[in-house]
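The structure under discussion appears below in the form of structure tokens.
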Ligand code: B1M
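Shown next as structure tokens:
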């Protein structure tokens, strides 16, 4: 019975059916399924299927956004129960687009995928000064940051942000991942980041590996 509801839940999320996801999440709660199981075996299970399909170019940005919206409709019901049950997120990550850069579509996708994978995400927004990342980590006690840049002229601000963590004495406490269309693995290594992800779904795998 529980397995059946969770399978239906994950399936509805994959199809992006937000109202169905909401109803099935409520059904799962009413059936006494633990919130952690609803999250992991229903919502996150569905979102990771979407992530894998996105990586293989089998689905595109609109499908991911629709699935994320469906995920949010279920999360709204499960989140308070997870808090009550004392279930901890996998970790906290601060994400932002670097100084001088206003592109946020990719960064928002990364935030959604990370949330969908069970992380607490602090979205710092766009045009983030290096100090804003440092402050974000200090305020939220984050384990990692994710920087996005879409311009060749703003990529260099990623290095400035890493330097700011060094200066604040926090570089060893925080994992730093970077992404965005003009970036490469080589560039990430050159600036001393801990990892580079070419797309939002890979950012989830990268963070888990870090
Ligand atoms: Co701009 N823009 N733009 N733009 N824009 C590009 C990036 C550009 C390539 C267009 C072009 O010339 N062909 C070009 C950059 C050239 C360069 O530097 N090499 C460019 C330019 C020049 C500019 C302006 C300077 C234009 C001007 O004013 N003269 C200006 C700069 C403003 C600024 O930022 N200071 C500008 C402005 C804008 C808009 C505001 C109009 C708008 C942004 C709206 C918004 O984001 N809210 C915009 C847009 C939409 C684009 C294009 C068309 C699309 C970008 C996008 O959202 N892609 C883009 C051209 C293009 O790519 N075709 C272009 C979809 C998104 C899902 O992909 O962000 O790559 P992406 O994210 C991917 C991965 O990269 C990765 O995951 C995502 C999903 O899988 N990823 C991460 C991203 N961040 C990650 C972080 C991670 C991990 C993975 O870890 C943390």
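Numbering (our numbering), first residue to last: 87 to 296.
Glycine residues also receive a C-beta, built at the ideal position from the N, C-alpha and C atoms.
Ordered along the chain, which non-local residues of its own chain (more than five positions away) have a Cβ less than 8 angstroms from that of residue i?
i: residue 261; result: 229, 230, 231, 280, 281, 293 and 296
i: residue 163; result: 108, 111, 112 and 115
i: residue 179; result: 200, 205, 206, 207, 208, 228, 229, 230, 231, 232 and 293
Let me know if residue i comes out buried or exposed under the rule of 16 or more other beta-carbons within 10 Å of its beta-carbon.
i: residue 205; result: buried
i: residue 243; result: buried
i: residue 172; result: exposed
i: residue 216; result: buried
i: residue 201; result: buried
i: residue 240; result: buried
i: residue 193; result: buried
i: residue 211; result: exposed
i: residue 121; result: buried
i: residue 286; result: buried
Go to residue i, then tell me how far its alpha helix (DSSP H) extends in each direction, as first and last residue.
i: residue 223; result: 216-226
i: residue 157; result: 147-170
i: residue 243; result: 242-253
i: residue 173; result: Neither: residue 173 is in no alpha helix (DSSP H) and is coded neither H nor E.
i: residue 105; result: 104-116
i: residue 203; result: Looking at the DSSP string, residue 203 is not in any alpha helix (DSSP H), and its letter there is neither H nor E.
i: residue 133; result: 131-141
i: residue 100; result: 88-100
i: residue 190; result: Unbroken run through residue 190: none, as it is neither H nor E.
i: residue 127; result: Here residue 127 belongs to no alpha helix (DSSP H), and DSSP marks it neither H nor E.
Between residue i and residue j, what straight-line distance do the alpha-carbon atoms span, to the nearest angstrom?
i: residue 104; j: residue 96; result: 11 angstroms
i: residue 87; j: residue 283; result: 38 angstroms
i: residue 221; j: residue 147; result: 31 angstroms
i: residue 117; j: residue 98; result: 18 angstroms
i: residue 166; j: residue 111; result: 13 angstroms
i: residue 68; j: residue 273; result: Past the edges of the chain, shown from 87 to 296, lies residue 68, and the structure says nothing about it.
i: residue 187; j: residue 218; result: 14 angstroms
i: residue 209; j: residue 247; result: 16 angstroms
i: residue 245; j: residue 150; result: 30 angstroms
i: residue 191; j: residue 100; result: 21 angstroms
i: residue 131; j: residue 236; result: 30 angstroms
i: residue 28; j: residue 119; result: In the structure displayed, the chain extends from 87 to 296; residue 28 sits before or after that span and is not available.
i: residue 290; j: residue 224; result: 22 angstroms
i: residue 253; j: residue 270; result: 25 angstroms
Looking at the strands, I want to know which residues DSSP matches up with residue i.
i: residue 281; result: 263
i: residue 209; result: 181
i: residue 234; result: 183 and 265
Using C-beta distances below 7 angstroms, list every residue in its chain close to residue i, excluding the 5 sequence neighbours before and after it, in chain order.
i: residue 175; result: 204, 205 and 206
i: residue 127; result: 92
i: residue 214; result: 182, 183, 184 and 185
Counting only the same chain and skipping the five closest in sequence on each side, list residues whose C-beta sits under 6 angstroms from that of residue i.
i: residue 198; result: 154
Starting from residue i, follow the beta strand (DSSP E) in both directions and report where the run begins and ends.
i: residue 183; result: 178-184
Is there a Cβ from chain D that is less than 8 angstroms from the Cβ of residue i?
i: residue 271; result: Although the question refers to chain D, the structure presented lacks it and comprises just one protein chain.
When every heavy atom of the ligand COA is checked, does at least one fall within less than 7 angstroms of the C-beta of residue i?
i: residue 181; result: Ligands in the displayed structure: the ligand B1M; the ligand COA is not one of them.
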